[in-house]
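Asks: First the structure, which I've put down as structure tokens, then a few questions once you've had a look.
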């Protein structure tokens, strides 16, 4: 029978079942009587904060003016959906981003402030190759969130995410420090780090569009 009040444990169990393929989003919505947006919010929180996402304990976290502006401009420029932008910037809810967008569109100045339940975005910390491999494995092999890795190793959220994605896509060699060509991950400012991540997503989006266009062209030729 649908229930309006869903406990933290139920949310956590539901998300794990969805991500493991044991249950569909639709079935979970039917079980708990919640909207599609609610289930997506649970998943987003889990992907950002891990099992801590559904804790009743929230901490106040500061977001700099630069981070707010970068997040808003990334969304308005079409660099990703609100959920994707939240993942990049470590927000476990769309609410802060939606508020920043509203203020930005109203020509209000975005100022550094505190938000409930976000992820601490620390400055980038210099790390060794061995540390980067360990951080990536902590996320991938042991199933920890980027926020948990950032907290454990005292690095920024974007560093943890970058290491994990590189390791997953190209193995540990991708985490080697390639000096002499361009700034290493550890030399980037937080905003530069985020801009580089957005650029990577843009390239992936263009690649996907090219593949779709090619597939359509092949289908047209086959129908002749």
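Residue numbers (my numbering): 12 to 235.
We put the beta carbon where it would ideally sit given N, CA and C, even for glycine.
1. Can you tell me where the alpha helix (DSSP H) with residue 140 in it begins and where it stops?
2. Quick one: give me the first and last residue of the alpha helix (DSSP H) that residue 185 is part of.
3. Check whether the Cβ atoms of residue 146 and residue 174 sit closer than 9 Å, and answer yes or no.
4. Which two residues bound the contiguous alpha helix (DSSP H) that contains residue 51?
5. For the alpha helix (DSSP H) that residue 155 lies in, which residues bound it at each end?
6. So, residue 11 versus residue 40, is the Cβ gap smaller than 9 Å?
7. How would you call residue 127, buried or exposed, if buried means at least 16 neighbouring beta carbons within 10 angstroms?
8. Just to confirm my understanding: we take residue 62, look at its own chain, exclude 5 residues before and 5 after, and list those with CB closer than 7 Å. What are they?
9. Does the separation of the CB atoms of residue 79 and residue 121 fall below 9 Å?
10. Name the two residues that bound the continuous alpha helix (DSSP H) containing residue 29.
11. Is it right to say residue 238 is buried, meaning 16 or more other beta carbons lie within 10 angstroms of its own, or is it exposed?
12. Shortest alpha-carbon distance to residue 139 belongs to which of 84, 150, 183?
13. Which value, in whole angstroms, describes the spacing of the CA atoms of residue 86 and residue 92?
14. Can the beta-carbon of residue 9 be found less than 9 Å from the beta-carbon of residue 179?
15. Compute the Euclidean distance between the alpha carbons of residue 181 and residue 117, then round it to the nearest angstrom.
16. Quick check for students: name the residue ranges of the alpha helix (DSSP H) that lie wholly in the segment 93-123, counting only runs of 4 or more.
17. Which residues in the same chain have their Cβ closer than 8 Å to the Cβ of residue 95, if we skip the five residues on either side of it in sequence?
18. Distance check for residue 108 and residue 48, CA to CA, integer angstroms please.
19. Is the distance from the Cβ of residue 164 to the Cβ of residue 136 below 9 Å?
Replies: Judging by the given coordinates:
1. Counted as a single uninterrupted DSSP element, the alpha helix (DSSP H) harbouring residue 140 occupies residues 140-151.
2. DSSP places residue 185 in no alpha helix (DSSP H); its state is neither H nor E.
3. Taking 9 Å as the cut-off, the beta carbon of residue 146 is found closer than this to the beta carbon of residue 174.
4. DSSP places residue 51 inside the alpha helix (DSSP H), whose first and last residues are 47-60.
5. It is not in any alpha helix (DSSP H) - residue 155 carries neither H nor E in the DSSP assignment.
6. Since the first and last residues shown for the chain are 12 and 235, residue 11 lies out of range.
7. Here residue 127 scores only 45 on pLDDT, less than 50, and its place in the model is too uncertain to base an answer on.
8. For residue 62, where only same-chain residues beyond five positions count, the Cβ hits under 7 Å are 23.
9. Against a cut-off of 9 Å, the Cβ pair of residue 121 and residue 79 comes out as a contact.
10. Taken as a continuous stretch (DSSP letters only), the alpha helix (DSSP H) holding residue 29 covers 19-31.
11. Shown here, the chain extends from 12 to 235; a query on residue 238 therefore has no answer.
12. Among 84, 150, 183, the Cα nearest to that of residue 139 belongs to 183.
13. A straight-line Cα-Cα distance of about 7 Å links residue 86 and residue 92.
14. Because the chain spans 12 through 235 in this model, residue 9 falls outside it and cannot be assessed.
15. Inter-residue distance for residue 181 and residue 117 is about 43 Å (C-alpha atoms, whole angstroms).
16. Qualifying alpha helix (DSSP H) stretches, in chain order: 93-100, 105-116.
17. 212.
18. Residue 48 and residue 108 have their alpha carbons spaced roughly 15 Å apart.
19. Yes. Within cutoff.
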